[in-house]
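Numbering (full-length UniProt numbering), first residue to last: 1 to 561.
Note that the Cβ used here is the ideal one computed from N, Cα and C, for glycine as well.
As the structure is a computational prediction, the values presented were derived from the model and not from experiment.
Shown next, in structure tokens, is the structure this report addresses.
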């Protein structure tokens, strides 16, 4: 059983007439009846078929019975457990009993209604989960219970919504209780026929199990939208494990140079938005393209960049989009280690429907080794074929079949620099001392007459001091780069083959050469072209190494079970 699925849902009220469990779903008695019907249809003397053995049948029956793990909880017991004291209302409720964890948010009603006198003092919507559900799942269900309590309380204040629904449920319980003993009809079936609130709770339970997305309208007035991100992302890939903490980690590493890739058609996504959705969100979805970064999207949609980041976080949370680097010829892709490579996969069928007469496995084989899009281009291909190839790459990125690799740079000093590190340290100190002496001599010479102007030999020494002063500034910049003595020695020795401008630029980029920033980030932060950056790295290739791996912002959204 999926740990994200709820086991049960309950509505409990407390007041002057006592505590009462008014509604629960599903009805365990009905589930047991269904299981008994299935078992009664099986002949004990029938031969095993369908490649099933005794162990498989035992596991299957245990799985069915686990769905009804709440059958041992009596309604009276649950009403006593969930009807908490007023001091515990307005905060998270969590109770673990054996293999079940109950989550809720009890709400206290303190004479908030003036239109009709009510005896209800507290109501509580509770979800039952597996005891081993993660804390992220528990927090999400508590948030849903809190949303329900706010909406129901608001409608109770406005029009006595809860009071009227409770009366319908209580009357159904009383009618069933008045029937003769031979009748085993459940009052909850009758409640579903009469109570709009019970129907909303049932639909919420079913939506959580099927899609993880809840869109409800309490009393046809208050819209309640909720998303269970773990369930939503797992429906896209059953091995995908994306929790709210992972989305927050992605947003922490999100930069304006990143791009947004919609996982559904823009038209379908716009039509699925609620009526009161943000106009800025509609504009952002309308202009979204895998070829644009977030900064370009902000300009095209006329939205400030910080607001774009907030809208992107909503799309990520609801599983409607993912983060990529905008498509360009220099992007390097490789097949994902989690991509299904079997011949008759469901993705193979979807790909054939989208791109007829094209094999998904044949396209994926081109990415067996890391390759850039420019290397895939055939000069003899038409513009239509090139556009078709780009659409295939977008489709594979949407289904997480490809992984983009970025180039990270590491500064690795050579071993030869260690022998001369002490000498270079002494040279730096001598250069500093000489520069200070030259500054004092220049200051004293400013008060001399024209007769005491320096001789040609002195002018030669002055020009030498200028060169040493320039070297001093370079040494200062090296010190500010927080380099080790071994790294400084390697840079100085390798700088003899390059110009001073190259050395200055290299020293300025040294903080990026720790393996935490890829080339695209360096290009954005330093406003430098890729060709210029690659040329600079090539000049200092003796003390640099490069590696290729994923962007940290993208890795957070691709965690697996």
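Can you tell me whether residue i is buried or exposed, with buried defined as 16 or more other CB within 10 angstroms of its CB?
| i | result |
| --- | --- |
| residue 358 | exposed |
| residue 16 | exposed |
| residue 558 | buried |
| residue 545 | exposed |
| residue 543 | buried |
| residue 86 | exposed |
| residue 461 | Here the model assigns residue 461 a pLDDT of 39, short of 50, so the residue's position is not dependable and the matter cannot be decided. |
| residue 455 | Per-residue confidence for residue 455 stands at a pLDDT of 40, beneath the threshold of 50, marking its modelled position as unreliable; the derived number appears in the next sentence. It counts as exposed. |
| residue 76 | exposed |
| residue 254 | buried |
| residue 527 | exposed |
| residue 233 | buried |
| residue 165 | buried |
| residue 74 | exposed |
| residue 551 | buried |
| residue 88 | exposed |
| residue 179 | exposed |
| residue 514 | exposed |
Verify whether the separation of the beta carbon atoms of residue i and residue j is less than 8 angstroms.
| i | j | result |
| --- | --- | --- |
| residue 70 | residue 81 | no |
| residue 236 | residue 262 | no |
| residue 298 | residue 291 | no |
| residue 218 | residue 275 | no |
| residue 129 | residue 6 | yes |
| residue 307 | residue 339 | no |
| residue 548 | residue 405 | yes |
| residue 183 | residue 142 | no |
| residue 323 | residue 100 | no |
| residue 244 | residue 134 | no |
| residue 369 | residue 331 | no |
| residue 356 | residue 295 | no |
| residue 537 | residue 502 | no |
Less than 8 angstroms between the CB atoms is what I'm expecting for residue i and residue j, so what's the real figure, rounded?
| i | j | result |
| --- | --- | --- |
| residue 240 | residue 560 | 6 angstroms |
| residue 247 | residue 317 | 6 angstroms |
| residue 411 | residue 328 | Contact doesn't hold; Cβ gap of about 27 angstroms is too wide. |
| residue 191 | residue 23 | 6 angstroms |
| residue 403 | residue 518 | Actually they are not in contact, since the Cβ atoms of residue 403 and residue 518 sit about 14 angstroms apart, beyond 8 angstroms. |
| residue 3 | residue 206 | So it is not a contact: roughly 18 angstroms between Cβ atoms. |
| residue 14 | residue 121 | 6 angstroms |
| residue 565 | residue 377 | Absent from the model: residue 565. The displayed extent of the chain is 1 to 561, so no value can be given. |
With distances taken from CA atoms, which of the options is nearest residue i?
| i | options | result |
| --- | --- | --- |
| residue 84 | 292, 20, 119 | 20 |
| residue 90 | 77, 548, 102, 147 | 147 |
| residue 282 | 105, 338, 12, 269 | 269 |
| residue 521 | 263, 259, 374, 398 | 259 |
| residue 314 | 339, 171, 107, 285 | 285 |
| residue 199 | 169, 177, 179 | 169 |
| residue 119 | 228, 104, 108, 125 | 108 |
| residue 414 | 540, 556, 2 | 540 |
| residue 10 | 92, 125, 354 | 125 |
| residue 319 | 533, 213, 18, 14 | 213 |
| residue 352 | 395, 322, 390 | 395 |
| residue 627 | 216, 502, 498, 513 | In the structure as shown, the chain starts at 1 and stops at 561, and residue 627 therefore has no counterpart that could be examined. |
| residue 301 | 519, 287, 293 | 287 |
| residue 534 | 12, 409, 157 | 409 |
| residue 252 | 484, 227, 310 | 310 |
| residue 532 | 505, 513, 512 | 505 |
Which runs of the beta strand (DSSP E) spanning at least 3 residues fall entirely within the segment 525–561, listed in chain order?
544–549
Sequence ranges, alpha helix (DSSP H) only - wholly within the segment 283–335, length at least 4
294–301, 305–317
At what residue ranges does the segment 173–212 contain a whole run of the alpha helix (DSSP H), taking only runs of 4 or more?
187–194, 196–210
In chain order, each beta strand (DSSP E) run of at least 3 residues that lies wholly inside the segment 242–267
259–262
Extract the residue ranges of the alpha helix (DSSP H) inside the segment 331–395, only unbroken runs of 4 or more that lie entirely within it.
346–354, 360–365, 373–376
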